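What follows is a short report on a single structure.
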Amino acid sequence: MPDLMRRTFLGVASAMALRGGPGRKSSDTPAVLGGDPVRRKPFPSWPRVGDVDRRNWRNVLEACRWWRREGHYVVDFEKAWAKRMGARYVVATANGTSALMASLSALEVGPKDEVLTTPNTFIATINAILAHFALPVFVDTDLDTHLMDPAKIEALITPRTRCILPVHIGGNVCDMDRIRAVARRHGIPVLEDACQAHLAEWRGQPVSTLGELGCFSFQKYKNVPGGEAGAVVTNDEKLYRHAYGFHSHYRTPPNEGRMDPAECRNGINQRMAEFQAALLLAQMTRMEENARTRDAAASRLRELLEDVPGITPAKMYEGCTRNAWHMFMMRYDAEAFAGLPREGFLRAMRAEGIPVSAGYNRLNRQPFLENTFKTRMFRAVYTDKEIAAWRERNHCPENDRLSDEVIWLSQPVMLATAADMEDIVLAMKKVQRHAEAIRKA
Ligand SMILES: Cc1ncc(COP(=O)(O)O)c(C=O)c1O
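Given below as structure tokens:
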């Protein structure tokens, strides 16, 4: 078939399929009510392993040079990641949580300090703050972008604010112009949690280089996976030396193994092993292509979703020149689905073969926070009055609403073809057509 005709044919066929018209073999009965699913073909699996991964891994294993002082992979990875980020320094760490902890230590965040952050994040962001006995102060979320609302930061700044910690959740990029402007006005450093935002950019500049420090996670399900691994990125030599020092008992970088008596203080061991770095260097050979695939899938899906009332993809700020699409984030409006609650929608979608999930749930109100404040350690630092004052400020109504409405597709789904995105929308429309029956079942 000539290319143009083929494309026209595919266009008509997919439009018919999207309308649930003729040409589809499956019945229109929702799978959750016993019908055929829209999709039986699995979405891409993760992680992907190639020859370079196997070769690098075996090299480390057989050379028996398993830690950074003996081998070269960790240092090679630090150089490669710094080059890709366009940054002067990278510290490879055991995971993203330790990258955050080392960064907060470099910034000397500690007891009685406040860190402005977001409740729409993975718990690690908050735990890293609490591990330094500082208080996370939650900035409400912008419902449109699912990110820290830049308009709500300034009102929360106090003399105790020691750092602003925005999180580029799902790979979408926070409004770094406004965040940096507030930070500059108050002389407060910015630490970017870019753990979900590999290769994302703000006005053409990689995230992690927009504040004083930036952190990545390379945990197995991240866009660039190394099992468990992380990195601190910075252009500031002093912060680099302290982040490095904290992550390795205050030995001096990159591998000297000695402490500098003039600047050493308490550190711990959060070093990356040679195995992780060898794997990461291999994974990096595929990351650009993967990012392009996710981009193509996401733009097709956004286009298709314009035609689905009740499903609203997260918007991007105008300065976001590249989204990492670690998650494709949307809001679900039950009203447009005959009142079908989100859980019912998710169940019906999964039955149709679409692996969609809910998102983070009101992290600022989870019991771990109050339980932490009751520990001996926190009681030694904070008075009841101080914790009560924290509680008074802990209101994020927009984020509460987002927690109820958010739905996600994860990054391996975005590695499917742009054409596969049609199945997702097809399933949404099918569930929508039968929403009332599903709700009543
Ligand atoms: C936003 C965010 N911050 C921090 C982390 C912590 O990274 P890790 O799991 O590598 O410690 C993660 C990991 O899921 C994350 O998603």
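Heads up: the sequence shown is residues -19 to 421, going by the working numbering.
Built from N, CA and C at the ideal position, the CB exists for glycine as well.
It should be emphasised that the depicted structure is a prediction, and the values quoted were computed from it without experimental measurement.
- Annotation: E50 is outside any beta strand (DSSP E) and is labelled neither H nor E by DSSP.
- Counting along the chain, A43 sits inside the alpha helix (DSSP H) bounded by residues D31 to A43.
- DSSP, reduced to helix, strand and coil, places N235 outside both helices and strands of the structure shown, so it counts as coil.
- Along the length of the region 168 to 215, whole beta strand (DSSP E) runs at least 3 residues long occupy 171 to 173, 193 to 197 and 210 to 214, reported in chain order.
- N36 sits buried, since 16 or more C-beta atoms from the chains shown fall within 10 Å of its C-beta.
- From the listed residues A415, H52 and R245, the smallest Cα separation to L261 is found for H52.
- D240 and Y230 have their C-alpha atoms roughly 8 Å apart.
- Secondary-structure assignment with DSSP links V336 through a beta bridge to L389.
- Here the region 265 to 276 lies against the region 165 to 181, with 3 or more beta-carbon pairs under 8 Å apart.
- M309 counts as buried, since at least 16 other C-beta atoms from the protein chains shown sit within 10 angstroms of its C-beta.
- R238 and T232 have their C-alpha atoms spaced approximately 6 Å apart.
- In this structure, the alpha-carbon of W305 lies about 14 Å from that of W182.
- With a cutoff of 8 Å on beta-carbon distance, A396 and F23 are scored as near each other.
- The closest heavy atom of ligand 1 lies 7 Å or more from the beta carbon of N351.
- Between I144 and I168, the gap from beta carbon to beta carbon is short of 8 Å.
- Rounded to whole angstroms, the gap between the alpha carbons of R274 and R245 is 43 Å.
- The C-alpha of V405 lies about 7 Å from the C-alpha of L284.
- Here V153 is near N303, since their CB atoms are less than 8 Å apart.
- In this model, P27 and A278 are separated by some 19 Å (Cα to Cα).
- Collapsing the DSSP output to three states places I144 in a strand.
- Its Cα nearest to that of T141, the residue V89 stands out among I248, A62 and V89.
- For I149, there is no enclosing beta strand (DSSP E), as DSSP gives it neither H nor E.
- Spatial neighbours of E332 in its own chain (CB-CB distance under 6 Å, excluding positions within 5 residues in sequence) are listed in chain order as A11, P17, V18 and A407.
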